[in-house]
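Asker:
Protein chains: 2
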Amino acid sequence: MDFTEKFVSRDDRFKGRIFSVSVDDIIQPDGKPSKREVVHHNGAVCVAPLTDDNTLAFVRQYRYPMAEVMLELPAGRIEPGEDPVETAKRELIEEAGLTTIECIPFGVDYPTPGYSTEKIYLYGARIGGTCPTNPDEGEFVEKVYIPLAEAEEMAYDGTITDSKTAMLVLRVAKAVREGRL
Amino acid sequence: MDFTEKFVSRDDRFKGRIFSVSVDDIIQPDGKPSKREVVHHNGAVCVAPLTDDNTLAFVRQYRYPMAEVMLELPAGRIEPGEDPVETAKRELIEEAGLTTIECIPFGVDYPTPGYSTEKIYLYGARIGGTCPTNPDEGEFVEKVYIPLAEAEEMAYDGTITDSKTAMLVLRVAKAVREGRL
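From first to last, the protein sequence lines stand for chains A and B. Using the numbering used here, read the first sequence as starting at -9 and increasing by one per residue. Using the numbering used here, read the second sequence as starting at -9 and increasing by one per residue.
#1: Give me the residue from A:T45, A:L138, A:V98 and A:V131 with the minimum Cα distance to B:M(-9).
#2: Between B:E92 and B:E76, what straight-line distance do the alpha-carbon atoms span, to the nearest angstrom?
#3: Can you tell me the Cα-Cα spacing of A:I110 and B:D43, whole angstroms?
#4: Can you name the residues of chain B whose CB is closer than 8 angstroms to the CB of A:I94?
#5: Considering only residues of the same chain and omitting the five flanking positions on each side of B:V166, which have a CB-CB separation below 7 angstroms?
#6: Can you list the residues of chain B that A:E108 reaches, using a CB-CB cut of under 8 angstroms?
#7: In the stretch 26 to 47 of chain A, which residues sit with their C-beta less than 9 angstroms from some C-beta in chain B, listed in chain order?
#8: Can the beta-carbon of A:T149 be found closer than 7 angstroms to that of B:P101?
#9: Quick one: list the residues of chain A neighbouring B:T89, beta-carbon separation under 8 angstroms, in chain order.
#10: Of all the CB atoms in chain A, is at least one closer than 7 angstroms to the CB of B:Y52?
#11: Should B:T151 be flagged as near chain A, meaning a C-beta pair shorter than 7 angstroms?
#12: Using a Cβ-Cβ cut-off of 8 angstroms (strictly less than) and excluding sequence neighbours within five positions of B:I83, which residues of its own chain qualify?
#13: Pull up the distance between the alpha-carbon of A:E69 and that of A:H31, whole angstroms please.
#14: Identify every residue that forms a DSSP beta bridge with B:H30.
#15: Got a sec: is the Cβ-Cβ distance from A:D15 to anything in chain B below 7 angstroms?
#16: For A:E159, I'd like the list of residues in its chain whose CB is within less than 8 angstroms of its CB, leaving aside the five on either flank, ordered along the chain.
#17: Between B:G169 and chain A, is any beta-carbon pair separated by less than 7 angstroms?
#18: So what's A:A115 in DSSP terms, helix, strand or just coil?
#19: Can you pull the chain A neighbours of B:P19, defined as C-beta to C-beta under 7 angstroms?
#20: I want to check one thing, is the minimum distance from the CB of A:N124 to the heavy atoms of the ligand ADP below 6 angstroms?
#21: Just checking my contact of B:P19 with A:Y105 at CB under 8 angstroms: how many whole Å lie between their CB atoms?
#22: With B:S153 as the anchor, note down where its alpha helix (DSSP H) starts and where it stops.
#23: Can you name the residues of chain B whose CB is closer than 8 angstroms to the CB of A:G97?
#24: For the beta strand (DSSP E) containing B:M60, list its first residue and its last residue.
#25: Assuming B:M157 and A:A156 form a contact by the criterion Cβ under 8 angstroms, report the distance between their Cβ atoms to the nearest whole angstrom.
#26: Provide the residue span of the beta strand (DSSP E) that contains A:P19, from first to last.
#27: Round the Cβ separation of A:V134 and A:L40 to the nearest angstrom and send it over; I've been treating them as touching at under 8 angstroms.
#28: Shortest alpha-carbon distance to B:S12 belongs to which of B:P23, B:K22, B:G6 and B:R0?
#29: At which residues does the alpha helix (DSSP H) containing A:E143 begin and terminate?
#30: I need the straight-line Cα distance from B:F48 to B:E58, nearest angstrom please.
#31: B:D99 and B:K164 - do their beta-carbons sit closer together than 7 angstroms?
#32: What does the Cβ neighbour count give for B:R67, buried or exposed, with the cut at 16 atoms within 10 Å?
#33: Would you identify the three-state DSSP class for A:K79, choosing helix, strand or coil?
#34: Does the distance from the C-beta atom of A:Y52 to that of B:F(-7) stay below 7 angstroms?
#35: Under 7 angstroms, Cβ to Cβ, is there at least one residue of chain B near A:M144?
#36: Measure the C-alpha to C-alpha separation of B:G6 and A:G128 and round it to an integer number of angstroms.
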């Protein structure tokens, strides 16, 4: 069976700085008309910066929608036209004050495929050096170093609640065990 | 330092069936006024239904925002006032035609804490029996069984792109290895 839902028309309902929203008319696989609410997002990256002795650099920051200070790996939105690898290197500098020679891809994460177009490109990177941070206007972050083995436990037991961070920590831990990073 | 962003006022900009959107006036930690775009979502659940011989029941379904058929564990939105455990049991029946005695919690996942209030409650469950499926109007899903060990590889290598699914598969695989599920 073909599950494809066919696009008919798009009604733009909200245009923001971070995302926009449309309500689309579609045709279901059974031929019936229906509507889909969609958050349009340009995508993001998340990077796991690793020291030579396998400690990860995280950031703590307040997340307004959750009303919580959260522990996350450095991450950020892809600017229009930007290569995700460049976003990763930029966010590493801006949020964590860290540089790297190479970002190794660790898959692409779909956080909310039911209603959002967002894709998050995951990377692991050996830390090359340090530099001054350069946070976005209104962005307040604190850098925290956690040994990879401890972070792996926190991803498994749910202490790390941020989805992209937990997933990337587990993939990086496996890669390090297998000598791939 | 206190990173808290203080709520000032809320401007409702979109009211949908799945989510709503507001633009809130806030005060940053440095005292400056700013705005936050927020997707308001009632939360969701995701369940890993496991057979006695450690095979997982997945669903394949078309995700309109991604324009892809995706492999996911059964999941769905929490109805207002509904206990997440009840949502999990309901979705297991509706999407997969499976019943269970008990849902074991595997943490709470924040898929997009930067701009959405959504929390996803993760559960693992031993399959108790089968029953007719009862999909939502316009929901077309196909059940697929995959051995846990194979699913774990697919979560690690990025073949599973759905964030909640990948995370839950890895937590369940560890729990089964340790005799906790």
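Quick reminder that beta carbons are idealized off the backbone N, C-alpha and C, glycines included.
Answerer: Let me spell this out:
#1: A:V131
#2: 10 angstroms
#3: 34 angstroms
#4: Within 8 angstroms Cβ-Cβ: nothing; A:I94 doesn't reach chain B, min ~12 angstroms.
#5: N44 and L138
#6: T102
#7: R26, E27, V28, V29, H30, H31 and A34
#8: no
#9: Going along chain A, no residue has its Cβ under 8 angstroms from B:T89, so there is no contact; the nearest lies around 24 angstroms.
#10: yes
#11: yes
#12: T89, C121, T123 and N124
#13: 11 angstroms
#14: B:S10
#15: no
#16: Note on identity: in this sequence residue 159 of chain A is Val, with Glu being the wrong assignment. Once the five neighbours on either side are set aside, the close Cβ partners of A:V159 are A38, L46, L63, L138, A141, E142, M144, A145 and I150.
#17: no
#18: strand
#19: F130
#20: The ligand ADP is not part of the structure shown, which contains no ligands of any sort.
#21: Actually they are not in contact, since the Cβ atoms of B:P19 and A:Y105 sit about 30 angstroms apart, beyond 8 angstroms.
#22: S153 to R167
#23: D147, G148 and T151
#24: E58 to E62
#25: 6 angstroms
#26: Segment: none, A:P19 is in no beta strand (DSSP E) and carries neither H nor E.
#27: The Cβ separation is near 14 angstroms, so there is no contact.
#28: B:R0
#29: L138 to D147
#30: 16 angstroms
#31: no
#32: buried
#33: helix
#34: yes
#35: no
#36: 29 angstroms
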